[in-house]
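Trainee:
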Amino acid sequence: PQQIAGKRVLELGAGVGLAGLMAQQLGAAVWQTDHRADVLLLAQENARQNGVTLPHQFIADWRNWKHTARYDLILGADILYERAMHRHLAPIFHHNLTPGGTLVLSDPSRPQALELIAALENQGWRIDIEMRTITLPLSGRDNKSVDVSILTCQCP
Numbered sequence: 001p002q003q004i005a006g007k008r009v010l011e012l013g014a015g016v017g018l019a020g021l022m023a024q025q026l027g028a029a030v031w032q033t034d035h036r037a038d039v040l041l042l043a044q045e046n047a048r049q050n051g052v053t054l055p056h057q058f059i060a061d062w063r064n065w066k067h068t069a070r071y072d073l074i075l076g077a078d079i080l081y082e083r084a085m086h087r088h089l090a091p092i093f094h095h096n097l098t099p100g101g102t103l104v105l106s107d108p109s110r111p112q113a114l115e116l117i118a119a120l121e122n123q124g125w126r127i128d129i130e131m132r133t134i135t136l137p138l139s140g141r142d143n144k145s146v147d148v149s150i151l152t153c154q155c156p
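Residues in the sequence shown are numbered from 1 upward in steps of one, following the numbering used here.
1. For the alpha helix (DSSP H) containing V39, name the first residue and the last one.
2. Output yes or no for whether 8 Å exceeds the beta carbon distance between G15 and A77.
3. Counting along the chain, where does the beta strand (DSSP E) carrying P111 start and finish?
4. In whole angstroms, give me the CA-to-CA distance for G51 and L42.
5. Assuming the contact rule is C-beta atoms closer than 8 Å, E11 and Q44 should be a hit. Round their C-beta distance to whole Å, please.
6. Grab me the residues of A47's own chain with a C-beta within less than 8 Å of its C-beta, minus the 5 sequence neighbours each way, in chain order.
7. Measuring CA to CA, which of R110, N96, A60 is closest to R83?
8. Say yes only if the C-beta of H35 is nearer than 7 Å to one or more non-hydrogen atoms of the ligand GDP, and no if none qualify.
9. Going by alpha carbons, who is nearest to H67 out of L103, N143, I92, R132?
10. Please classify Q49 as buried or exposed, where buried requires at least 16 neighbouring CB atoms within 10 angstroms.
11. From the DSSP output, read off the bridge partner residues of Q32.
12. Where do the N-terminal and C-terminal ends of the alpha helix (DSSP H) with L18 fall, by residue?
13. Is the beta carbon of G27 less than 8 Å from the beta carbon of I4?
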């Protein structure tokens, strides 16, 4: 919590908004983004239902990114699945993260995610990879486990 409180946080591809809402709850100023307005509405509803102050939100397409603000922390959960988007994401990481800022990504251990991380490392980013096994409770079935990579990248 001490590492998040008071920080400016950008959440890319908010989805249900969990990462951004947790950061907001821990005292960060959060900006959630997604390219779909209905997804941001879902994140707003999740904030309301959980008693979390609504974060800032804006619609953004990584392929046509015009946002210039800088952030101490950028979060992205399962956003590296499409290789074609990596060429759009990497400049966002570089331009919107403050010098020395942190990028935290989670991914279900796809090879293409590691390709982008390797490219960042070659550009001077400090990378830490932590593997976690997450058990997903499924109603009416046996629980399923997924290996998730938590990628923490320090901006040069």
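All C-beta atoms in this analysis are idealised placements derived from N, C-alpha and C, irrespective of residue type, glycine included.
Mentor: For this structure:
1. DSSP places V39 in the uninterrupted alpha helix (DSSP H) bounded by 37–49.
2. The answer is yes: Cβ separation under 8 Å.
3. It is not in any beta strand (DSSP E) - P111 instead sits in the alpha helix (DSSP H) that spans 111–122.
4. The C-alpha of L42 is placed about 14 Å away from the C-alpha of G51.
5. Rounded, the Cβ-Cβ distance is 13 Å, inconsistent with contact.
6. Annotation for A47: G17, L21, Q24, T53, L54, P55 place their beta carbon closer than 8 Å to its own, counting only its chain and skipping 5 residues before and after.
7. Nearest to R83 by C-alpha distance, out of R110, N96, A60, is R110.
8. This structure lacks the ligand GDP, and indeed carries no ligand of any kind.
9. Nearest of L103, N143, I92, R132 to H67, Cα basis: I92.
10. Under this definition Q49 is an exposed residue.
11. Partner(s): E11, Q57.
12. In the DSSP annotation of this structure, the continuous segment of the alpha helix (DSSP H) that includes L18 starts and ends at 18–25.
13. In contact: G27 and I4 (Cβ atoms closer than 8 Å).
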